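Its first residue numbered 1, the sequence shown is counted upward by one per residue in full-length UniProt numbering.
Notes follow the structure.
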Amino acid sequence: MTRLGDLERAVMDVLWDSVPATSNGVTVREVADALAGRELAYTTVMTVLDRLAGKGMVQREREGRAWRYRAAASREAHIAQLMLDALDLGGSRDAALVRFARSVTGTEADVLRAALGAEAGGSDTATPAADAGPLTQRVENPTTEPARRVRLADEAADR
């Protein structure tokens, strides 16, 4: 998965924060308006959205003469894939996982334990952190490889 530059991340934040997965998406103008504080040209926003579409980060659909854009996957799925990609950078995956596990908070550790337990046993029990509300949206159409790992990471975050 490609890491995002600052402007790409700002555009994705607009899509993740303002476009429900069930909507038709937003136009370039709507994204540009949401980024008004950055004083970006319309064509700059259009170019960024086009590049994000090329990378598979956004889906677009023609509406008249304009395109409507929406994120291809949730923010949480993107972050989970970045974490998985980081594990693939080399060295010992086990050592990296142990170091990561030692760095999480108690609540985060509870979420991880519950997710791992559910994966191992097929259980779908609530976690102590479940009262914090939904942690992520489901990915409708995972487009990154390996999609199963992203789906599992999303499901773990949901618990």
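C-beta atoms are modelled at their ideal positions from N, C-alpha and C, and glycine is treated no differently.
The model shown is predicted, which means the values in this text are computed figures rather than measured ones.
Asked: I'd like to know whether the C-beta atoms of Tyr69 and Val58 end up nearer to each other than 9 Å.; Found: yes
Asked: Can we say the segment 51–65 touches the segment 31–38, given the rule of at least three CB pairs closer than 8 Å?; Found: no
Asked: Spatial neighbours of Ala96 within its chain, please: CB distance less than 8 Å, with the 5 preceding and 5 following residues excluded, ordered by chain position.; Found: Ala86, Leu87
Asked: Measure the alpha-carbon distance for Arg102 versus Leu4 and round it to whole angstroms.; Found: 27 Å
Asked: In this structure, how does DSSP classify Val58 when only helix, strand and coil are distinguished?; Found: strand
Asked: Between Asn24 and the rest of its own chain, which residues show a CB-CB distance below 6 Å, the 5 nearest in sequence each way excluded?; Found: Arg68
Asked: Could you tell me whether the Cβ atoms of Ala15 and Ala71 are closer together than 9 Å?; Found: Contrary to the premise, residue 15 reads as Leu rather than Ala in this sequence. The answer is yes: Cβ separation under 9 Å.
Asked: Name the DSSP beta bridge partners of Gly70, please?; Found: The question names Gly, yet the displayed sequence has Arg at residue 70. Its beta-bridge partners are Gln59.
Asked: What is the residue span of the alpha helix (DSSP H) that Ser23 lies within?; Found: From DSSP, Ser23 is part of no alpha helix (DSSP H); its letter is neither H nor E.
Asked: Going by DSSP in three states, Arg65 sits in which element: helix, strand or coil?; Found: coil
Asked: Which residue marks the beginning of the alpha helix (DSSP H) containing Asp85, and which one marks its end?; Found: 75–87
Asked: Between which two residues does the alpha helix (DSSP H) carrying Ala41 extend?; Found: Per DSSP, Ala41 belongs to no alpha helix (DSSP H) and is neither H nor E.
Asked: DSSP on Ser92, reduced to helix/strand/coil?; Found: coil
Asked: Measure the C-alpha to C-alpha separation of Leu7 and Ala34 and round it to an integer number of angstroms.; Found: 13 Å
Asked: For Gly117, which three-state DSSP category applies?; Found: helix
Asked: With a CB to CB cut of under 8 Å and the five nearest residues on each side skipped, what residues in its chain are close to Ala10?; Found: Leu35, Arg38
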